[in-house]
Amino acid sequence: RLTAAQKLARVGDWEYRFSDRRLTWSDQTYDICGVDRKQFEVNEESALQLVHPDDRPAVKAALKGVVDQIKSATMEYRIICPNGQERMIFQQAAVRKHDGRQVLSGTVQDITDRKKSESQIRKLALYDALTGLVNRRLLGDRLGQAIAASRRSQKYGAVLMLDLDNFKTLNDTSGHDIGDALLVEVAQRLNACIRQTDTAARLGGDEFVVLLEWLDGHHDTSLKMALDVAEKIRISLNRPYVLGKKNHMCHASASIGTVIFKGDVHTSSELLKRADVAMYEAKDLGRNRVCLFSKKRQAIVDRTTAMAYDLKKALARNEFSLYLQPQIMGTGNVCSAEALLRWIPAGKQPVSPGLFIPIAEETGLILPLGEWVLTNACQLLVKLQECRNLPTGFTLAVNISARQFSDDHFLEKVKAIISSSGIDPRRLKFELTETCLLHDLDSGRATLESLQQMGIHIELDDFGTGYSSLNMLKNLPINTLKIDQSLIHGIETGSQGKTLVRAAIAMARAMSMTVIAEGVETERQESFLVEEGCDIMQGFRYARPMPLPDFTAYLNENTRPGSKGEKPRLIVLEARNHG
């Protein structure tokens with residue numbers, strides 16, 4: 035039984051007798067090391083030869099410490115099997131008495147697969163799944179370090195912000211497969227244009243950032259160096275692209291904003307804002323060009339101020355509404371929806387949430403706006419009770435911002451809104467990004483536990499775009515992991531994209547979490563997710579966000595008698611600007 039258990043767990047044991055210097059291994063230890071018991075003579079020397087040369091000194095020192103101090107120790111090291119395969123080993127060792135004699139004994143465990151999984155998760159946290167470039171989280175860290183280094187060395191650095199011109203048109207006309215292939219090729223060309231010490235990052239969508247460090251101590255020289263790299267990138271990205279299996283030919287260009295710095299900025303966000311201002315100037319001037327940040331373009335900040343003013347008026351005029359996007363189980367049935375905020379000023383076109391939400395966060399208007407969202411979401415739940423085809427156990431997801439979550443009065447406001455509406459709090463799901471939790475984990479955990487005690491379900495949103503450590507996920511009361519659409523789109527770009535999504539689902543499973551995939555757009559994505567056991571899916575594959583009357587009609591249409599288990603039809607309501 036013990037041998038069978040060891041084999042299953044990939045664990046072996048060993049013993050070394052000091053009296054006659056005899057080393058013995060269990061059968062599983064031989065298997066782990068990839069050696070034949072009949073052909074391999076096990077002794078101190080032969081065992082040590084299996085250890086990776088770079089790890090031998092540490093292993094010898096650790097074992098010597100165990101013997102000299104008569105203590106136990108654990109260690110991780112690599113071995114190289116006779117067939118050349120490298121494996122990662124976790125070893126425990128201790129001195130003990132056996133038949134009146136002191137012996138050194140221990141266990142070895144093959145942790146190669148576990149280490150590979152951990153490496154994949156780390157990559158998921160710090161690198162863009164599609165392009166392999168640094169993601170926003172890691173870029174922020176490197177920008178902070180670059181600013182500090184520039185201040186100390188008095189050498190200039192530079193940040194280039196790139197946005198592909200007309201990328202949306204390419205995506206719409208040629209398909210997401212071609213669009214994703216273009217992004218991958220752009221990433222490769224960026225890396226080819228910069229030094230190994232520089233950083234290329236993807237912020238999301240078709241937006242990229244390049245960080246150049248250690249340019250020069252003189253302003254004009256550094257400026258020329260930065261602009262030369264920017265122009266080199268612009269020319270490189272202008273070359274024709276041959277993409278996909280069918281060798282689809284296309285052209286692309288980029289608008290590039292450039293800013294140099296030498297300790298004159300204090301935060302990475304300030305630096306990115308300046309580069310962003312310059313990039314938008316390049317777009318305004320006709321695209322496919324490089325522009326340098328100038329204070330004349332500070333009018334961008336004025337526009338931000340103007341939008342903040344308009345936001346205040348919009349709240350007073352009740353210009354906001356909630357749209358609902360259905361969430362679908364693997365069986366094809368609707369089980370829940372996400373409430374999404376829309377701003378439609380009277381007599382004007384809708385304002386993109388990507389424009390006004392960041393400004394609301396920046397100005398603090400997100401607090402009254404978030405309260406409005408939660409209040410109206412609860413009212414929607416009350417109205418949905420009248421829908422004859424509302425699924426049993428239907429829940430509604432509401433996005434909670436970082437500032438809202440950290441507000442001292444957040445919990446009492448939630449309780450008051452739920453009490454006033456009379457809804458069952460078990461029908462509510464709160465979607466939070468990891469930024470809500472990273473500032474103060476202990477306080478965040480306490481808030482989450484209080485919400486769960488009310489019956490509210492907790493979802494971690496945008497998984498795969500930040501730094502969700504395994505330890506954080508393990509120690510926080512999270513019910514659901516929501517895989518970001520950037521990872522879902524990677525399913526169709528090759529085996530790596532699938533591997534990352536598979537790893538995220540497996541990790542959620544191991545932690546007893548439900549899994550939601552957002553941004554599902556194609557049948558291939560859906561088929562893969564269903565096959566991998568993803569619980570719930572959401573995206574344009576099923577329906578765009580829609581107002582309550584349309585959502586009620588959608589429920590009635592897709593849960594008619596006899597249609598249980600059928601896939602919901604794709605409903606696209608372009609005329610209403612549901613986007």
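Under the numbering used here, think of the first position of the sequence shown as 35, with each following residue one higher.
Cβ atoms here follow ideal geometry from the backbone N, Cα and C, with glycine treated the same way.
Inter-residue CB distance, residue i and residue j (contact presumed, cutoff 8 Å)
i    : j    : result
M580 : Y343 : So it is not a contact: roughly 30 Å between Cβ atoms.
L482 : P511 : 5 Å
G191 : F295 : 6 Å
A373 : V407 : 7 Å
Q361 : S370 : 4 Å
T556 : R543 : About 24 Å separates the two Cβ atoms, so there is no contact after all.
S151 : A537 : 6 Å
Residues of its chain near residue i, where Cβ-Cβ distance is below 7 Å and the 5 sequence neighbours each way are ignored
i    : result
G264 : A quick correction: the sequence has Ala, not Gly, at residue 264. Contacts found: L194, I290, T292, V324.
C67  : L84, I113, C115
D102 : none
L589 : V368, C421, N423, L424
S287 : D199, L271, N272, R321, N322
C568 : G364, I539, V549, A551
M122 : E110, R112, I145, T146, K149
V564 : G364
R90  : L82
R44  : I66, Q143, D144
Among the options, the one whose alpha carbon lies nearest that of residue i
i    : options                : result
A159 : A577, T527, D496       : D496
N410 : G398, L430, S546       : L430
A95  : M122, D70, G68, A127   : A127
Q468 : I492, K449, R51, A288  : Checking the sequence shown, residue 468 turns out to be Glu, not Gln. Comparing Cα-Cα distances from E468 to each of I492, K449, R51, A288, the minimum goes to I492.
E75  : G140, L57, R460        : L57
E573 : G456, H523, L249, S546 : The amino acid occupying residue 573 in the given sequence is Gly; Glu does not appear at that position. Measuring from the Cα of G573, the nearest candidate turns out to be H523.
G166 : A316, E566, L534       : L534
H443 : L401, I362, Q413       : L401
G99  : K417, W406, L138       : L138
L245 : K258, I490, G213, G174 : G174
Y50  : L97, D88, P583         : L97
T233 : R171, K449, T339       : R171
A380 : R351, G531, D89        : R351
K566 : K532, L582, G134, A587 : Here the sequence assigns Glu to residue 566, which means Lys is not the residue at that position. Closest option to E566, Cα to Cα, is K532.
C470 : N77, S53, S440         : S440
T397 : L375, N77, S435, G366  : S435
S187 : H86, R156, G297, K280  : G297
N205 : M541, H285, I457       : H285
F585 : F124, Q419, L319       : Q419
Any non-hydrogen atom of the ligand FMN closer than 8 Å to residue i Cβ
i    : result
M109 : By its list of ligands, the structure shown contains no ligand whatsoever, and the ligand FMN lies outside what it can speak to.
Helix, strand or coil at residue i [DSSP, three-state]
i    : result
W48  : strand
K279 : coil
I249 : The residue you asked about is not Ile; residue 249 is Leu in the sequence shown. Coil, per DSSP.
V142 : strand
S355 : strand
K72  : coil
H612 : Here H612 scores only 35 on pLDDT, less than 50, and its place in the model is too uncertain to base an answer on.
M580 : strand
L27  : Nothing about residue 27 can be read from this structure; the chain reaches only from 35 to 613.
E241 : strand
F444 : helix
V554 : coil
H523 : helix
I490 : coil
P116 : coil
D89  : coil
I451 : helix
T469 : helix
A340 : helix
A163 : coil
Beta-carbon contacts of residue i that lie in its chain and below 8 Å, excluding the five residues immediately before and after
i    : result
N117 : G68
V276 : H282, M283
L305 : L177, I181, V193, V293, F295, V299
I393 : T338, M341, A342, L345, L399
L414 : L356, L358, A373, L430, L582
Other residues of its chain near residue i: CB distance less than 6 Å, five sequence neighbours each side excluded
i    : result
K189 : W248, G251
K463 : T429, A431, H491, E493
S256 : Y190, L249, D250, I294
S208 : none
Kindly confirm or deny that the stretch 195-215 and the stretch 137-144 touch, where touching means at least three C-beta pairs closer than 8 Å.
-> As far as the Cβ criterion goes, the stretch 195-215 does not touch the stretch 137-144, which means the pair count is below three.
Could you tell me whether the stretch 260-276 touches the stretch 226-236, using the rule of 3 or more Cβ pairs below 8 Å?
-> Two segments are said to touch when three or more pairs of C-beta atoms, one from each, lie closer than 8 Å; by this definition the stretch 260-276 touches the stretch 226-236.
Given 8 Å as the limit, is there contact between the stretch 546-566 and the stretch 316-331, that is, 3 or more CB pairs closer than that?
-> In short, these stretches do not touch, since the Cβ pair count stays below three.
Does the stretch 307-317 come within contact of the stretch 345-352, defined as at least 3 CB pairs closer than 8 Å?
-> With a cut-off of 8 Å, the stretch 345-352 and the stretch 307-317 do not count as touching, because too few Cβ pairs lie within range.
Evaluate the contact criterion for the stretch 557-565 versus the stretch 388-399: three or more CB pairs, one atom per stretch, below 8 Å.
-> At 8 Å Cβ cutoff, the stretches do not touch.
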